[in-house]
Amino acid sequence: MATKSLKAKGNDLAVSNKQLEILNGGIFADGELPYFKDKISEIGHFPLRPKKLEILQINVGYMCNQVCEHCHVDAGPDRKEIMTRETMKQCLDVIKNTGAHTLDLTGGAPEMNPDFEWFVEEAAKAGIKDFIVRSNLTIIRANKKYHHLPDFFKKHNVHVISSMPHYTRGKTDKQRGDGVFDKSIKALQELNERGYGMPGSNLRLDLVYNPSGAYLPGDQAAMEKDFKKALKEDFDIQFHNLFAITNLPIARFLDYLIASENYEDYMYALVEAYNPSAVANVMCTNTISISWDGWLYDCDFNQMLDLKVASKVKHIKDYNEDLLNDRNIIISQHCYGCTAGAGSSCQGTVA
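Residue numbers (this note's numbering): 2 to 352.
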């Protein structure tokens with residue numbers, strides 16, 4: 002398991018331009034595989050354009066208590082990038098006036114931002130219909146100061162979406178570190194005790210599955226049945242939905258692919274699994290991603306590659322929804338990950 006981020010290790014792939022050089026070169030530049038632009042041009046979707054804005058996804062910082070090998074954020078304890086209260090206030094101004102119905106807080110571990118709870122409390126007053134916090138679960142057990150989080154989430158009717166690589170200890174700890182599985186199970190049980198994930202409960206608890214190796218996720222519905230059966234039988238845990246998310250060749254997962262000599266095979270797999278019917282519903286068409294320092298992106302993945310929106314409006318302080326809705330979406334070869342098979346987004350499959 003990695004213990005430091007790529008940035009802390011001085012790895013070349015900590016620089017977004019280096020990642021883009023790889024994604025745009027090699028087997029794509031040689032013509033072995035088609036550029037994503039060319040594939041979506043075949044079905045009349047280039048340039049890719051946004052639809053009605055539904056989701057504001059805000060990354061409140063890259064600091065995390067885990068260093069997961071697949072992490073496209075390259076998050077970890079050594080990452081100090083944290084959204085300030087000033088930038089949060091700019092976000093709140095937008096939240097109060099946006100047409101979006103969902104607020105999606107992510108990280109790192111978003112709970113590690115010192116102003117996280119203040120931000121949740123203020124944002125909860127703004128009338129957002131679906132208020133999501135993406136939790137890695139272990140943060141709830143990481144330190145006594147986080148033990149109250151299940152009660153805090155319940156108080157504000159937060160929709161908790163939690164990382165859970167597998168329903169077995171071995172596969173989970175392999176991807177996320179020793180002890181992660183047991184802490185995750187304990188956190189899920191605590192959320193269940195508050196009513197989260199229970200049948201008929203409006204306290205939403207969903208899990209996210211990422212493959213632990215250089216392969217694509219299986220059928221989401223089938224995996225959800227397996228997860229529900231195993232977690233109920235082994236730990237009496239219940240949850241609502243499982244989202245299967247394809248690992249995108251960005252940051253630490255890209256580093257893993259190259260180090261394991263799986264990069265070309267993985268890109269071939271993504272391209273071969275390309276599903277044109279998934280293109281219309283990829284997350285970038287209904288989402289704006291906001292970075293910890295207030296810059297605007299088409300999606301969380303573009304944020305990590307520093308591909309800012311193609312608009313006059315590039316920062317939260319200048320936010321203008323009409324102008325943003327009239328932009329072309331920035332794409333590159335990583336976008337194959339969101340259109341492989343049944344498609345993939347932060348809300349699971351899209352096709």
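Every residue gets a Cβ at the ideal spot worked out from N, C-alpha and C, and that includes glycine.
What's the gap between the Cα of residue i and the Cα of residue j?
i	j	result
Gly338	Ser345	7 Å
Glu70	His241	26 Å
Asp207	Pro166	13 Å
Arg177	Val68	7 Å
Phe244	Tyr210	6 Å
Asn326	Lys318	17 Å
Leu150	Ile141	6 Å
Ile289	Tyr257	28 Å
Asn321	Asp105	19 Å
Gly180	Leu7	22 Å
Glu82	Gly219	34 Å
Val121	Ile96	12 Å
Glu123	Ile44	43 Å
Arg195	Leu204	9 Å
Asn18	Leu306	7 Å
Pro35	Ile251	19 Å
Val1	Leu255	Since the displayed the chain opens at 2 and closes at 352, residue 1 lies outside it and no answer follows.
Ala125	Lys155	12 Å
Can you check whether the CB of residue j is closer than 8 Å to the CB of residue i?
i	j	result
Tyr168	Phe117	no
Leu24	Ile332	no
Lys184	Leu138	yes
Asp294	Thr107	no
Phe1	Lys38	Any question about residue 1 goes unanswered here, given that the chain covers just 2 to 352.
Glu55	Asn287	yes
Cys65	Gly32	no
Val61	Pro115	no
Asp131	His102	yes
Gln190	Ile238	yes
Ala223	Asn276	no
Gly253	Cys72	The sequence shown places Arg at residue 253, not Gly. Yes. Within cutoff.
Cys347	Asp299	no
Pro51	Arg328	yes
Tyr267	Ala215	yes
Could you spell out where the alpha helix (DSSP H) holding residue i opens and where it closes?
i	result
Asp94	Arg86 to Asn98
Ile28	Gly27 to Ala30
Phe254	Ala252 to Ala260
Val121	Phe117 to Ala125
Leu324	Glu322 to Leu325
Arg1	An answer regarding residue 1 cannot be provided, because it is not within the stretch 2 to 352 covered by the chain.
Tyr210	It is not in any alpha helix (DSSP H) - Tyr210 instead sits in the beta strand (DSSP E) that spans Leu206 to Tyr210.
Pro151	Leu150 to Lys156
Ser213	Careful: Ser213 lies outside any alpha helix (DSSP H) and carries neither H nor E.
Phe37	Phe37 to Ser42
Lys52	From DSSP, Lys52 is part of no alpha helix (DSSP H); its letter is neither H nor E.
Asn193	Val181 to Glu194
Asp227	Gln221 to Phe236
Glu10	Looking at the sequence provided, one finds Lys at residue 10 rather than Glu. Counting along the chain, the alpha helix (DSSP H) containing Lys10 begins and ends at Leu7 to Lys10.
Starting from residue i, trace the beta strand (DSSP E) both ways and give me its first and last residue.
i	result
Asn242	Asn242 to Ala245
Ser164	His160 to Ser164
Between residue i and the ligand FAD, is the CB less than 7 Å from at least one heavy atom?
i	result
Leu7	This structure simply doesn't include the ligand FAD, nor any ligand for that matter.
Tell me residue i's beta-bridge partners as DSSP assigns them.
i	result
Gln58	Asp105 and Ser290
Met64	Gly77
Ser136	Ser163
Glu275	Inspection of the sequence shows that residue 275 is occupied by Tyr rather than by Glu. The partner list for Tyr275 (beta bridge, DSSP) reads Ala341.
Tyr298	Ser290 and Lys309
Asn329	Ala311
Ile317	Its beta-bridge partners do not exist; DSSP assigns none.
Asp131	Thr103
Ile83	Gly62
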